Each structure stands twice: as C-alpha cells, then as structure tokens.
Amino acid sequence: MKSSNLILMLFAAAFVSLDVFGAGAAQWAKACEGEGYKSREFTCFDFFFPEKCKAPGAKKAEVEEEVFFTKEEKVERLKTTLKETEEKKLDLDSQLAWLDDTEEEEIKEAKKNIAETEETIKSLKQAIAELDPAFAAKEGITVAKDAGKKGGDAKKDAPKQKEFHEEDTFKYYKMDELNGELETIFRDTTSRLACDDTVNFSVSHAKIYFVTNPKLFGNLKGKEQLTPVRIVSVDKKARSILVFISPAVKNHLIKALGYAVANLILDEHMALSNPKGELCDAFRIGFCAWCADLDAVVEPNKIVAPESLLENKLLLPSELFMPSKLEDPEKRLYFTRQSRAMVEYISSASAEKFRNYIETVTGGNSGFRNSFQNLYVAKTWAGDYDDFCNDLNFRIFFPLTKEAKDPAALAEWNKAIAEEDANYSGGTEKHKGPRKHIRIRNGVKSVYYK
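Right under this line is the structure:
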C-alpha cells in the first residue's frame, strides 16, 4: 500500500513540475498573464508581452534636436521642456489626490503616469547638468568626468559598467511593424504551398508569447529540433509560438520569428495534405528560411551571419541529408544557407512539382534517397541521387561563396551552367564523369575537377 501511495505522490509531483515548467502553449499563457503583461490582437496573430523591457544605454531626454542649436539654445530648450514636465507632474499629483479609494484602476494608472513623468524630469535635469555647470551645482547633480584625464588613476582601466534603462516593450521591439512583416511572410508561405484556403490564421489566430527572461525561456521551451533559430519554440497543436527577445536579437527578430511562422504553416499544411509524410531536415529548414528570408543563425545572445560562405567549408551532401545535431553555430549557418538555396532553386524552377513533392514525401532524412526521384531535377540535370549530390556544389552552392564575389568567376559559372542546360535540352546524354568547375584567381583562369 505504501509503495502504491509513493508512486501516486511521485506522479503528482511530476505533474506539478510539468505544469510550472513544462513546454507548451498552456504554460506559456500562464507565464504571460497578470500584472506587468499586455496583449495586442491583430488580423492573424495575437501578441502577449511584458509591458516593460530593458534596453541598453542610459535613457535620454526626448527633446527635439536641431543642427543649428548652439549650446545655450539647447540648454534653454531643455529647461523649457523641464518646466512643462514639472507642471504636468503637478497636474497628475492633483488628479491622484482627487481619486477615491474605490477607483483602483484609475489610481494605478495615475501612479504609473507620475512615475514615468518623474523619470523624464530626472533625465532632463541630467541632460541640462551636462551642459550647464551652474545648474548641476544648484541641483547637486554629479556629472561624470572624462576618465582619460586622470593619468595614472587605477580606475582608468576599469571596465565600464553597462547601462540599461526601461522601455515600452511594444514600442522598443516595433511590434506593429513586426506584425506587418509576419503577415507578409504568412501570405508568401501559404502562396508557395497553395494552402491559402486550408491554413487560415484570420479565423483562429496564432498566438505569440514574448519573454525577456532567458531562464524563463529555458524552462518553458519545448524539445528542440534541428534549427537555425534558437530563440523560438513552436507548439503546432495549439498554433502558438514562444519567443525570447533581447536587444542582442532585435535586428533579427522579424526573420527569426518569420521562420517559426513558416514552420508552423508548413506543419499544418502537411498534417492536412500528407498526414503520414515527413520532409528531410534540409528541405524543412531550407523552405522555412526561404519564406522568412533568413540567412543567419539566431541564438539568445549571438547572431552568426557572415557575408559569404567559403567554398572549402561547404557541407557535403551526407551532412545535408543525414545531419547530426550540428551544435556548432557556423555549421548550422552553412546548413541553413545551403538548404535554403537548394529549396529555392528547386521550387522556383517548378513550383507545382515541388508542392506535389511536399504532399507525397515520406521517410524524412533516411527516406530522401528514394523520395528524390519525385523532384523535377531527377528528370533534368540529375539522372539519379548520386548525380544530384555530385552536382550540388557546382550548380547551386557556388553563388553563395566568397569566390563567387569575383565577377569574372561568376560569369564563367553562368556560362558553364547555360552550356550544360543547352546540351540537356538538345537531347544529348547527361553529364558523366568528373564535374568541371571554373575558378579565377588574380585574373588567371584555372580549371579544376571535383
């Protein structure tokens, strides 16, 4: 009996643990509700986010700057703005004093406005003090001196402490603009899959939960599949996305979240059109990266996005079609860009056949050798799977490389592709033997073979 009770207690403990830290939309919703969180409903997406977030640097007074302002004019403008802001605070104090204790929401809003106004006054005074020593002395404000003037002072070489200030999350991460870009990615993805009628987010919105705490994100995110974006987690059954946001990923947020949206749409489309199907990782990642225009690896505090790939670092077909975990960010970057180029090439050349392939494909990575026969390239320049693998670098990946930045080398490559395609269309036998590839170095053309 004791043994039975112990099992029940352990099961209950496990259930509670999952409820608090488990991965899934229900837990994400709990983490993004209550005081301090806001929501915004759009046409296809509902955003849930903390009201405030941290942004790097000290908060600057929001004063209109003009290039013709002298120092004295700037000080006068700042003092005028300070006076207006102090008068505004007096009005807010009066409003608060008149509120009845039963008006809880109004009191809460008034206190919030007063706190924001006090912060503005503080930043305005600091800005004036930096320009007007007399004002600084009067207000008792200490203005930081140039550490470089302190000669041998030991503090000179001390690392500068990073400064942060509080911002409105919705405004700082430009969520209106973010939503507009996500709706464009939604339309592009459903159009490429021809699933506009079956995958419809305007009726049942996709929910996106934004968190700014890395530890919370780590506790809430689901099991991670191979992905170039490690700041998102998708619950496809609940049509929901969890995303970690920070200043470090701000400039890549649209593409990273767009990748997750494309992934969500692809999963829903396959669940309806090919429920037993499974794409290989290269096609899944390549398609979603193409739809989101993603060309980087996005991690919580790191972006990997070199301008070009190096030809001698291109992944082999065996690494593309039977990938390992690819923990190295650079390898995931190569995997993503090569996969995207391959999918974009195949889909753009025959969109209908690519859609048919998605709706019939099975087997995932291990089944790609067989499912390859259903791609249009199997009937054009790649007679079989081995031909396809051998020609990838020559036909698809070379333009991604640093070597292709040489206009002469790229011209030679285009010429070689055109000649080969002309031969194929003329009914001649497909290429056999080693692949000729052209490389130009310092104006000297050399030919090598794979």
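So this note's numbering is basically just the index in the sequence shown, starting at one, shifted up by 689.
C-beta: ideal position from N, C-alpha, C; glycine also.
Keep in mind it's a predicted model, so treat the numbers as computed, not measured.
In the three-state reduction of the DSSP assignment, I830 falls in the coil class, being assigned neither a helical nor a strand state. When the Cα atoms are used, F737 and Y1046 turn out to be separated by approximately 36 Å.
Under the 8 Å Cβ criterion, the region 890 to 903 does not count as touching the region 1000 to 1007, having fewer than three qualifying pairs.
Rounded to whole angstroms, the separation of the alpha carbons of T1025 and K1104 is 27 Å. In the three-state scheme derived from DSSP, where H, G and I count as helix and E and B as strand, P936 is classed as helix. When Cβ pairs closer than 8 Å are counted between the two stretches, the region 943 to 957 is seen to touch the region 980 to 990, the count reaching three or more. C742 is bridged by DSSP to E856. Under the 10 Å beta carbon count, A715 is surrounded by fewer than 16 other beta carbons and is classified as exposed. Here the C-alpha atom of K860 lies approximately 13 Å from the C-alpha atom of K727. Residue R919 holds the alpha-carbon nearest to the alpha-carbon of N990 among R1029, R919, A1038 and I1085. Put simply, of L931, A927 and K896 the residue whose alpha carbon is nearest the alpha carbon of E913 is L931.
Per DSSP, reduced to three states, the secondary structure at Y862 is coil, with no helix or strand assignment. In terms of CA proximity to R973, Q1027 leads the group Q1027, Y862 and G713. The continuous stretches of beta strand (DSSP E) do not include D1095, and DSSP gives it neither H nor E.
In this structure, DSSP gives I897 an extended state, which the three-state scheme calls strand. In the displayed model, D924 falls within a strand according to three-state DSSP. DSSP, read as helix, strand or coil, puts L1005 in coil. Judged by pairs of C-beta atoms under 8 Å, the region 760 to 779 does not touch the region 892 to 900, as fewer than three such pairs exist. In summary, T770 is buried, with 16 or more beta-carbon neighbours lying within 10 Å of its beta-carbon over all protein chains present. Just measuring C-alpha positions, the residue of M864, T759 and F1010 sitting nearest N940 is M864. With a threshold of 16 other beta carbon atoms within 10 Å, H854 falls short and is exposed.
Per DSSP, E724 is not a residue of any beta strand (DSSP E), being assigned neither H nor E.
Rounded to whole angstroms, the gap between the alpha carbons of A816 and L767 is 8 Å. For the 8 Å CB-CB criterion, E1048 and N963 form a contact. The beta carbon of L1015 lies closer than 7 Å to those of L915, R1021 and F1024 in the same chain, with the five residues before and after it left out. Under the criterion of beta carbons closer than 8 Å, L1081 and P1006 qualify as touching, at roughly 6 Å.
Boundaries for I1085: no alpha helix (DSSP H) harbours it, and the DSSP string shows neither H nor E there.
Selection F890, F1086 and E724 evaluated against I1106 yields F1086 as nearest (Cα-Cα).
Contact between A1093 and M1031 does not hold, since the beta-carbon distance rounds to 16 Å and is not under 8 Å.
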